[in-house]
Amino acid sequence: MKVAIMGAGLSGLACAITLERNGIEPVIFEKRSRVGDRFVNAEALLSIFSRPGQDVIAKFSEEYGLYLHPTASIEQMTIHSQREKAVLKGPLGFLNIRGREEDSFEAQLSRQVKSPIRFHSEETYEQLLADYTHVVMATGDGDYAKKTHNFREDLTVSLKGATVEGRFDRYAVKVWMDYDLAPKGYGYLLPFSETEANVVIGIPDIPENRGVELEKLWEPYYQKVRTELGQELPVTDEFQITHYPMGMCNRARIGNTFYVGNCFGSLMPFLGFGQYVALLTGVFAAYDLCGLGNYEELTAPFRQSYEHSLVLRRAMEQLDNADLDRIVRVLDGPLGNKLYFAKRINPLKVASYLMRPYVKIKQGVTS
Ligand SMILES: Cc1cc2nc3c(=O)[nH]c(=O)nc-3n(C[C@H](O)[C@H](O)[C@H](O)COP(=O)(O)OP(=O)(O)OC[C@H]3O[C@@H](n4cnc5c(N)ncnc54)[C@H](O)[C@@H]3O)c2cc1C
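Just so you know, the numbering used here puts the end of the sequence shown at 437, numbered straight through with nothing missing.
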């Protein structure tokens, strides 16, 4: 068996580590000059996507042999709407760095990989398929999956972010759900450390946002964050992404090609979280290649979560600021904590059922 992995990101590297542990040495093809060679940003790994209250970092090391060092645990999340504020406290998840940093998640994983990584790769999928018995598609987007008619793109989002300096509680994150600031979108602040944080605004590229310029939204949003924190927050770095695609592949495996990470459909349309599923799809594709499981079956629960998350996203598009105020008011209290931390319910599923009345008939929403 000769396995090629296209892409040395989260899913590709998780796949390589798992294959190696089971005696298969893949070859990894990466188009960039080194692992994580892109802008630096902070990301969150929320326990709500595994099991509420569960320690996801412990789960990755104990169950899957993926050793990840986050920058901090998340102990508090403050959600601001236009007039309300909800504070969730408890073991909410973890913060980590991505991109061109020594301790980014992809850099950490690459140090656990022994297989060769061929940088500056220009190999096409077709070339890899001709030279290898199996190909793992881990390029971080649906491009190839779309080309092979194996990807249903549901939406794209555009994001603008900055690294800012200031004084931060590194265990606390902030979210803004205010459609005057980010129409049908959101903003957030994730600290890298006590002195640096990532401030990001994101909006869906839906018809009613046509003509809305992210650049123009940035200034009032940045001003709002500065006022809220009572700090100047000088910018030291910036990034912008337009039309970041979210969707789901039709089949997780076609012939001897496995679709993992964002090529599978790991990005949750509700708020754009994708790391958890990206890592696990890499692991599960490797299980299939090693005869330890069936990739389609192992990934079936992720499809369901994706559909629930899509319902939430569509519902968000039907709401206005008054609705958001009402939701945030409910979240700020025992019910919010119960929804987030309850062990026996799937909060995404419950929330998606609660939000269904808001969703006009949309394609791709399953019952
Ligand atoms: C700004 C931003 C913020 C985010 N925040 C969060 C968050 O807070 N929490 C969360 O859970 N998720 C978040 N996500 C989503 C998360 O980062 C992704 O879901 C996850 O990284 C997907 O992993 P992947 O392995 O599919 O792709 P990636 O980790 O992006 O890796 C893809 C790799 O493939 C390489 N590649 C691309 N094309 C080729 C090619 N043709 N040949 C060879 N190599 C190629 C790329 O260079 C890259 O190294 C965020 C995403 C963005 C953009």
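No residue lacks a Cβ here, since even glycine has one placed at the ideal position from N, Cα and C. All figures in this text were calculated on a predicted structure; none of them were measured in a lab.
DSSP, read as helix, strand or coil, puts Gly82 in helix. Rounded to the nearest angstrom, the Cβ distance from Glu264 to Arg237 is 7 Å, consistent with a contact under 8 Å. By the neighbour-count definition (other C-beta atoms within 10 Å, threshold 16), Thr203 is an exposed residue.
When only Cα atoms are considered, Ile324 and Gly363 end up about 16 Å apart. In the displayed model, Pro404 falls within a helix according to three-state DSSP.
Counting along the chain, the unbroken beta strand (DSSP E) around Ile75 starts and ends at 73-76.
By the Cβ test, the stretch 206-222 is in contact with the stretch 308-317, since at least three Cβ pairs between them sit closer than 8 Å. With contact defined as three or more Cβ pairs closer than 8 Å, the stretch 386-406 and the stretch 365-377 are not in contact.
Around the beta carbon of Thr306, fewer than 16 other beta carbons sit within 10 angstroms, so the residue counts as exposed. Excluding its 5 nearest sequence neighbours in each direction, Tyr258 has C-beta neighbours in its own chain below 6 Å: Val245, Val270, listed in chain order. Across the structure, Val330 and Val206 are spaced so that their CA atoms are roughly 7 Å apart. Closer than 7 Å to some heavy atom of ligand 1: that does not describe the Cβ of Ala200. Judged by beta-carbon spacing, Leu359 lies within the 8 Å limit of Ile94, meaning their Cβ atoms are closer than that value. Per DSSP, Thr327 is one residue of the beta strand (DSSP E) stretching across 327-329. The residues Leu80, Ser81, Gly331, Asn332, Ser336, in chain order, have a CB closer than 7 Å to that of Ala348 in the same chain once the five nearest residues on each side in sequence are set aside. Residue state for His219 is assigned as coil, using DSSP reduced to three classes. With respect to the 8 Å criterion, Tyr346 and Phe354 are not classified as neighbours on the basis of their beta carbons. For Arg323, the three-state secondary structure derived from DSSP is strand. Listed as beta-bridge partners of Tyr314 by DSSP are Val227.
Remark: the shortest separation between the CB of Asn220 and any heavy atom of ligand 1 does not fall under 7 Å.
Per DSSP, the continuous beta strand (DSSP E) segment holding Lys159 begins and ends at 155-168. Taking a C-beta distance under 8 Å as the contact criterion, Ile167 and Ile98 do not qualify as a contact pair.
At a Cβ-Cβ threshold of 8 Å, Thr141 and Phe262 count as neighbours. Of the residues Thr327, Gly231, Gly77, the one whose Cα lies closest to the Cα of Leu284 is Gly231. Between ligand 1 and the CB of Asn364, the shortest heavy atom gap is not smaller than 7 Å. Residue state for Val269 is assigned as strand, using DSSP reduced to three classes.
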